[in-house]
Every structure is written in C-alpha cells, then in structure tokens.
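One structure is given here, and the rest of the page talks about it.
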Amino acid sequence: MLLCSVFPFFYVAREEGQKLYPESRNFGDSFATGFYVSELPNPNLGWEFTETMNYGLDFSLLSHRLSGTFEYYQQTTKDLLFRVNLPSTSGVGSYMANIGESENKGFELSLNGVIVDDRNGWSWDAGINLYANRNKLTKLASGQERDENNWWFVGHPIDVIFDYEKVGLWQEDDAHRDILEPGGNAGMIKVKYTGEYNADGTPVRAIGPDDRQILSLEPKFQGGFNTRVAYKNWDLSVVGAFKKDGVLISTLHSSSGYLNMMSGRRNNVKVDYWTPENTGAKYPKPGGVVSNDNPKYGSTLGYFDATYMKVRTITLGYNFNKSLLDNFGIERLRMYATIQNPFVMFSPFNDETGLDPETNSYGDENAAVTTQYKQRLLTVGTNSPATRNFLFGLNLTF
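Written as structure tokens, this is what we have:
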C-alpha cells in the first residue's frame, strides 16, 4: 500500500520488501526528510536453477615440458533473476523478477611450458590461457521474444546494446540526407538505415526507432599470459591479459555523461570533431543537430572496439644465497620490485584516448545524467582507471 504524504512527489512505503531511500527537501527556513520507493517488491520471486555439463582433459607431453588442460562446458539456466527497469512514468525505477531462460557454452584452454630448464644457470617458463563464452536468452517471461525496454532479445546474448549503429558522418554531397535526416546538417552522425528503397533508389522513410540494431558485447575470445626468466639468483616475470573484438562502452565519450556535448557549454573530452576543413573526422560538428542537449545519436560515440593486449605486472627479484643468510639465522631473503599496469601493448581505445581499455564501472554509475546504458553492463566511466604503481619489497623468512 502506498500513502501519499503532504509533500509533492513524496511517498511513504508501507509494503514489506520495498526499497526505501531517504530524501531531504527544503521548505523555507527548514527542511523535512521523507522516503521514496526506488524498487518495487515481487512476492513471486523464486530461485534460479542451472544444469551444467562439463568435459575436461588434462595432458602432459615431452617429459612434462608441456602441460595443459582443456574444458568444454554447457549450462542451461531457468528462472533467471534480473532487475527489470520500469518506465519513468511508473514513479519507480525497477523490480526484481525471474525473467526467463538462458544458455551458456564455451571452452577454456591453458598451456604451460618449460622452454629452458636450468641450462648454464638459465631457466625460462611460459604459460597462456584462452577462453571464450557464448550465451543467449532462450526464453523470456510470458512468452515474449523481445523486451526492448530492458534490452533483452530471445536468441541473443543477455548483455547487448540496443541502439543505432554509427556508420560515419554526413557530408555536404551525400545523397538522400534530406530524406533520411530531415533538418539534418553536414557533420552530424550518420547511422545505418535498415528500411526499404523506392524503385528510383530513394529511401522510403526517414531514419527512426525501427533502425536500432542489436549489438553484442561478447568478444571472440580473451585470456592471459605469463612468462618467467631466471638466471641464477635473478628472476624476471611478466603477467598480461588480452581480448579480441567485442564492444567497449565509454560513458566518457557518449551522451550519458555530459562530457561530449559538442555544444560549447562546458569543457569536453578532447576529440577530433568535424569542420568544413576536417571532413574526415570521427566526431560530429559542434553545435549541430542535438537531442536532449547532446549530438543526435550521441550514444553511438561511446562504442569502441574492445580488442586489447596489456601487461598487468612486471616483477624483478633477487634471492640471496642461503650460505650468506645462515650466519644471521635467516632461512630465506628475497628482494623485489614490481610495476603494476605498466603499459598497454595494443588497443584501439587506448590509441585514441590514452585510457586503460579494461572496464571500471557499471552502466548506471557516475553519470551526470540518467544513462541509457543498462546498469548490468560494464563500461569505462568516471571511476578511477587502472593506476600505474611501483612497489619495492623484501620477503624475509626466519
């Protein structure tokens, strides 16, 4: 039961299970604190149920110089638990529900090798792991095939983008701009048109909501690597990670964070924007056609190739000879220096922005305005990015 208080747009919840958040409002020289409902209860919630099949193989070759594992798995989950977003007209943000069924399948491969085994004091080990996952929704609640409000589509991954697909920028001599984008201008974002064409080759209609695409965030594969080289008492180890393809969402560059408005109202992310003298730019003309204070289709500016390869740690160490330590009653002494996140080896996102390509936020975090990205999606946002750290230490055992 919901009872309306004396304050406009204030509600007090009386039903068990609702999430309440305090909110203060000023009234002249005083203020009052009330509560508003942010999430509705759902008495019909149930458990998720998952069935898993897993096949594995462990192997060792060349007198244990090469070893590894391979696994293939397949999971079927019923009664998926997800937070369902509600339209703003409902007055409540969301509720939790069992929305349907999904399928996950994929593989994991790890290889470890001894390349040099104590030859003239030298040793060299290396390893790599590779994995890929494919998931898709196989059923939605009430037999739906599409839930556009929550970006859920049967036959597609759970985490997708449902938005227009940027294909470039409109130029002065481009054909059909007046039909596809009535009132548009050269330098505005050009998105993919999926409609039909007339016999003379002209588009049947203007670009609209029917042209939105389902874009998967899934990479083709991802993994990590490590290597360790040692010479007598010295050793050097490197650990890294990589990802191939997929979509990286940057709320810093899209229209969800007020940082890429292209209107001159505030400082913006530095980008290569369109001008009559710079028509090959990636970003639209400043002061062009807008939607809610941002460039029209501005959300598409936040989609990047998620491919990257980076080094996470580099460690150089020295182990003191035990004969020197016995006189001091020390069993083991190791000195080391470590660099964390020293550099990115390859990444289109890093090449353009200088930022780390690993995600650090969820879709609803740290946005200056209400974001169009779903809260379950990982993004690069205004949370602190991966930092470069220098560590020096001693490991001492008595």
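Residue numbers (this note's numbering): 480 to 877.
Think of the CB as a built atom: it goes at the ideal place given N, C-alpha and C, for glycine as much as any other residue.
Mark residue i as exposed unless 16 or more other C-beta atoms lie within 10 angstroms of its C-beta, in which case mark it buried.
i, result
"His732", "buried"
"Gln465", "Given a span of 480 to 877 for the chain in the structure shown, any question on residue 465 remains unanswerable."
"Lys764", "buried"
"Ser539", "exposed"
"Asp835", "buried"
"Asn771", "exposed"
"Lys801", "exposed"
"Leu873", "exposed"
"Gln701", "buried"
"Ser581", "buried"
"Thr849", "Any reading at Thr849 is ruled out, since the residue's pLDDT is 49, under 50, leaving its predicted position unreliable."
"Gly663", "buried"
"Leu524", "exposed"
"Thr858", "buried"
"Val595", "exposed"
"Leu559", "buried"
"Asn868", "exposed"
"Glu494", "Residue confidence is low: Glu494 scores 38 on pLDDT, short of 50, so the model does not pin down where it sits. No coordinate-derived value is stated."
"Met740", "buried"
"Pro522", "exposed"
"Leu856", "buried"
Since residue i is in the alpha helix (DSSP H), which residue starts that stretch and which ends it?
i, result
"Pro827", "827-832"
"Ser802", "801-804"
"Ile658", "656-659"
For residue i versus residue j, is the C-beta spacing smaller than 9 Å?
i, j, result
"Asp690", "Val670", "yes"
"Pro755", "Asp784", "no"
"Glu844", "Gly860", "yes"
"Tyr552", "Glu530", "no"
"Ser729", "Gly647", "no"
"Phe877", "Glu810", "yes"
"Ile686", "Glu660", "yes"
"Ser517", "Ser573", "yes"
"Arg625", "Gln854", "no"
"Leu727", "Asp642", "no"
"Asp583", "Thr556", "Asp is not the amino acid found at residue 583; the sequence shown has Asn there. Contact: yes."
"Tyr752", "Ile668", "no"
"Asn614", "Glu550", "no"
"Pro636", "Leu616", "yes"
"Val823", "Val769", "no"
"Lys645", "Thr779", "yes"
"Tyr762", "Val750", "yes"
Could you pull the start and end residues of the beta strand (DSSP E) that residue i belongs to?
i, result
"Asp714", "713-723"
"Ile578", "Ile578 -> no beta strand (DSSP E), and no H or E assigned at all."
"Val633", "No beta strand (DSSP E) holds Val633; DSSP gives it neither H nor E."
"Arg562", "560-564"
"Met546", "The sequence as given places Ser at residue 546; Met does not occur at that position. From DSSP, the beta strand (DSSP E) with Ser546 extends over 545-557."
"Tyr641", "The residue asked about is misnamed: residue 641 is Phe in this sequence, not Tyr. Where Phe641 is concerned, the enclosing beta strand (DSSP E) stretches over 639-642."
"Trp601", "601-619"
"Ile668", "668-670"
"Arg707", "700-710"
"Asn868", "868-876"
Going by DSSP, which residues form a beta bridge with residue i?
i, result
"Asp784", "Val726"
"Asn533", "Tyr552"
"Gln692", "Asp642"
"Ser517", "Ser517 pairs with nothing; no bridge assigned."
"Gln623", "Note: Gln623 sits in no beta bridge, so no partner."
"Lys789", "Ala720, Val823"
Could you check whether the Cβ of residue i sits closer than 9 Å to any Cβ belonging to chain B?
i, result
"Ala720", "Annotation note: the requested chain B is absent from the structure, which comprises a single protein chain."
Cβ contact (3+ pairs, closer than 8 Å) linking the region 615-634 and the region 678-685: In this structure the region 615-634 does not touch the region 678-685; the number of beta carbon pairs closer than 8 Å is below three.
Three or more C-beta pairs below 8 Å linking the region 510-517 and the region 526-543: no
Inter-stretch contact (C-beta, 8 Å, three-pair minimum) for the region 744-754 and the region 601-609: no
At least three beta-carbon pairs within less than 8 Å, the region 701-710 to the region 594-605: yes
Touch test, the region 807-827 against the region 785-798, Cβ-Cβ under 8 Å, three pairs minimum: Verdict: yes, contact present.
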